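Enquirer: Numbering (the working numbering), first residue to last: 423 to 619.
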């Protein structure tokens, strides 16, 4: 999974020539898909999907729809644009676990593949989560039907299993790995040293 920060159609085509075989999902981050002209967005998504890459608008835009209680519009808009993957998260807007499971089920019923994200974009809230709490949330999301669960690190690489110094927190990370099936986890690792680790 890679983060698209707003590439143009030409940049996307050039990137696909090199990277397409190595990518499963592209996340159009931070609600940037709402900034593209609709036809351009549709073309971009079609281009990615023609390369057999799933496309998600990311969790932030989904959180906005949920906050505004606009689930039918979310389904209509995401379908109209051509998205095939939806990320369910509560990094910005906290969500009750029952609602989270219900939303996952509704999206699956509409034919979307669902990935979820665990963790908060608010550092204090994220740092309070223990490895066991994260593992319990992962298990609940997978049981609800998510194909994969992303562990939040933010673009700064300072949350999840990374310290403010961007170093891996080895003890909680290793504890977490004992509790989950790591083949179904996507660890955000925005910094090169984190990717190497």
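In this text, a Cβ means the ideal position worked out from N, Cα and C, and glycines have one as well.
No experiment lies behind these values; they were computed from the predicted model shown.
Below 8 Å, can you find three or more Cβ-Cβ pairs linking the region 437-454 to the region 466-482?
Expert: yes
Enquirer: I believe residue 574 touches residue 541 by the beta-carbon criterion, under 8 Å. Please report the beta-carbon distance rounded to the nearest angstrom.
Expert: 3 Å
Enquirer: Tell me which residues share the same chain as residue 534 and place their Cβ nearer than 6 Å to its Cβ, disregarding the 5 neighbours each side in the sequence.
Expert: If you ignore the 5 residues before and after residue 534, its C-beta comes within less than 6 Å of the C-beta of 508, all in its own chain and listed in chain order.
Enquirer: Between residue 468 and residue 593, what straight-line distance do the alpha-carbon atoms span, to the nearest angstrom?
Expert: Those two C-alpha atoms are separated by around 42 Å.
Enquirer: Starting from the C-beta of residue 431, find all residues in its chain whose C-beta is less than 8 Å away, skip the five residues before and the five after it, and write them out in chain order.
Expert: 462, 465, 466, 469
Enquirer: What separation, rounded to the nearest whole angstrom, lies between the Cα atoms of residue 523 and residue 499?
Expert: Approximately 21 Å between the Cα atoms of the pair.
Enquirer: Which residues mark the beginning and the end of the beta strand (DSSP E) in which residue 449 is found?
Expert: 447-450
Enquirer: Between residue 607 and residue 570, which are expected to be in contact by the criterion C-beta below 8 Å, what is the C-beta distance as a whole number of angstroms?
Expert: 7 Å
Enquirer: Please classify residue 449: is it buried, with 16 or more other beta-carbons within 10 angstroms of its beta-carbon, or exposed?
Expert: buried
Enquirer: Taking 8 Å as the cut-off, is the CB of residue 543 close to at least one heavy atom of the ligand ZN?
Expert: With respect to the ligand ZN, the structure offers nothing, as it holds no ligand at all.
Enquirer: Per the DSSP calculation, residue 418 is bridged to which residue(s)?
Expert: An answer regarding residue 418 cannot be provided, because it is not within the stretch 423 to 619 covered by the chain.
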